[in-house]
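Have a look at the structure below before the remarks.
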Amino acid sequence: MTANPPSVPPAVVPLTRYTKEELTEILGDVEDPFGVAHTGLTWLAKEQHFGIRREGRLVAHTGLVTLPLTVGTTETEVVGFGGVAVAPDLRGQGLARLVVTAAREHARTMGPRYGLLFCRPQLLPLYQRLGWQELRGKVVVEQPEGPVVMPLHTMWTPLRDGARWPEGPVRLRSLPM
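Take the sequence shown: its letters are residues 0 to 176, numbered as in numbering that gives the first Met the number 0.
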């Protein structure tokens, strides 16, 4: 009788491309894959992508993009996290934790002091377990017709030791990610 080898967590890898086809590979061909169509928002594409493959199939993803932000009178940049997706048949196995954590480690090398993401209420506990903190108060984001208040929850994470979120009204000076 041979012993089973120890379980090896799947590797998170940078993706050279991430298109609608890759999203469909993860989530299937669904009309509103992230459950945010009701917001009516226009979203910004991410520039860097990280994924997990299992038996050749892309099963998880997180995307990153650097964006300008104003908090009070402080102008800064954030690394926006978005497009977090895990295949429905593989949820609950820690893949979101792996891909978001790996993307956050990469984001630490990108320069900004903060990571930022937007999420639906039911995802707050997941991100809180991953060390993200909810921003209280309104967050204004850009849209083609002008600035609007973000209807989703906003969360942040420090990307540098000792980074604290500044005080004041928050305005993302781009489309949300």
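Positions of the beta carbon are idealized from the N, C-alpha and C atoms, including for glycine.
So what does DSSP say about residue i, is it helix, strand or coil?
| i | result |
| --- | --- |
| LEU15 | Correcting the residue identity first, residue 15 is Thr in this sequence and not Leu. THR15: coil per DSSP, three-state reduction. |
| PRO168 | coil |
| PRO124 | helix |
| THR100 | helix |
| LEU129 | coil |
| LEU158 | coil |
| GLU141 | coil |
| LEU40 | coil |
Could you tell me whether the Cβ atoms of residue i and residue j are closer together than 9 Å?
| i | j | result |
| --- | --- | --- |
| GLY114 | PRO157 | yes |
| LEU43 | LEU66 | yes |
| VAL72 | GLY167 | For clarity, residue 72 is Thr in the given sequence; the question names Val instead. Cβ distance < 9 Å, so THR72 and GLY167 count as in contact. |
| VAL70 | ARG159 | no |
| PHE49 | LEU89 | no |
| ALA84 | PRO32 | yes |
| LEU40 | GLN142 | yes |
| PRO165 | THR75 | yes |
| LEU97 | PRO9 | yes |
| LEU94 | VAL140 | no |
Within 10 angstroms of the Cβ of residue i, are there 16 or more other Cβ atoms? Answer buried if so, exposed if not.
| i | result |
| --- | --- |
| THR1 | Per-residue confidence for THR1 stands at a pLDDT of 46, beneath the threshold of 50, marking its modelled position as unreliable; no derived number is given. |
| ARG103 | buried |
| HIS60 | buried |
| LYS19 | exposed |
| GLY91 | exposed |
| THR153 | buried |
| ALA106 | buried |
| VAL148 | exposed |
| ALA36 | exposed |
| ARG56 | exposed |
| ARG16 | exposed |
At least three beta-carbon pairs within less than 8 Å, the segment 131 to 149 to the segment 10 to 27: no
Ordered list of beta strand (DSSP E) runs contained in the segment 69 to 97, each at least 3 residues: 73 to 85
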